[in-house]
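Residue numbering for the sequence shown follows our numbering, beginning at 38 and increasing consecutively. Heads up, the beta-carbon is just placed ideally off N, CA and C, and yes, glycines get one too. Working notes, structure below.
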Amino acid sequence: MEKNSVWYLAGIGLIGVVVGIIFVGILTSVVHWAGTPKFCGEFCHSMDATYIAYQKGDHFRTASGATAGCSDCHLKNHSNEHVGPIDYVEMLMYKAKAGSISLFGQIQGSLSTPEKQIEKRPEMAAAVLESMRADNFEACRGCHDVQRMYNPGKPLVAAIHKGMGPETKVDCISCHPTAGHNYTGEILPVAQAK
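Encoded structure:
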């Protein structure tokens, strides 16, 4: 078969498409796996104490039975249902940055033990809070439509959230400090036992 023939070029094109589909499939699977609570809490040793606090947080097991995973809150665009290709690339870059912080902390030793993780917690929490504020708590809004919140048993919930549309600046953590992680009680002994 000649290199300039239609069949040769079609074959090369088909191979390229197949390789591209396989690459995207593997990349998507790895990104999904690396954003699960199991990965963050059990595979990523720089998050031992954080994972214990997450298991005690309000979003680990909600009243509805849903669980918000690490990526739902900490990964830009993850909780947004309308993610396009540019948003997905932005999410991958954000994930690479966040992962490198944990990796370098583990390599340097600044996050290598639960004690060091607790010591570094205020700095890490401040960085996450700053990022969430910059995005106007987009991750929270990806799951919670605050304008339509209503609980018949707690009518005040709707009144408190009324008028908090997507354009309104809010600070979800100021009212819901244990939504993601609850550091009260024993964290270190449990994390050390892992």
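Residue i, buried or exposed, once every other Cβ within 10 Å from all chains shown has been counted against 16
i, result
"residue 83", "buried"
"residue 171", "exposed"
"residue 87", "buried"
Between the CA atoms of residue j and residue i - distance to the nearest angstrom
i, j, result
"residue 92", "residue 104", "10 angstroms"
"residue 47", "residue 132", "36 angstroms"
"residue 109", "residue 175", "10 angstroms"
"residue 123", "residue 51", "25 angstroms"
"residue 198", "residue 217", "19 angstroms"
"residue 154", "residue 222", "16 angstroms"
"residue 102", "residue 150", "32 angstroms"
"residue 39", "residue 58", "27 angstroms"
"residue 161", "residue 81", "16 angstroms"
Terminal residues of the alpha helix (DSSP H) in which residue i lies
i, result
"residue 49", "43 to 70"
"residue 122", "122 to 145"
"residue 108", "107 to 111"
"residue 212", "209 to 212"
"residue 89", "85 to 93"
"residue 204", "Run containing residue 204: none; DSSP gives neither H nor E here."
"residue 169", "151 to 171"
"residue 179", "175 to 180"
Contact belief for residue i with residue j at Cβ below 8 angstroms, rounded distance in angstroms
i, j, result
"residue 128", "residue 112", "6 angstroms"
"residue 177", "residue 209", "5 angstroms"
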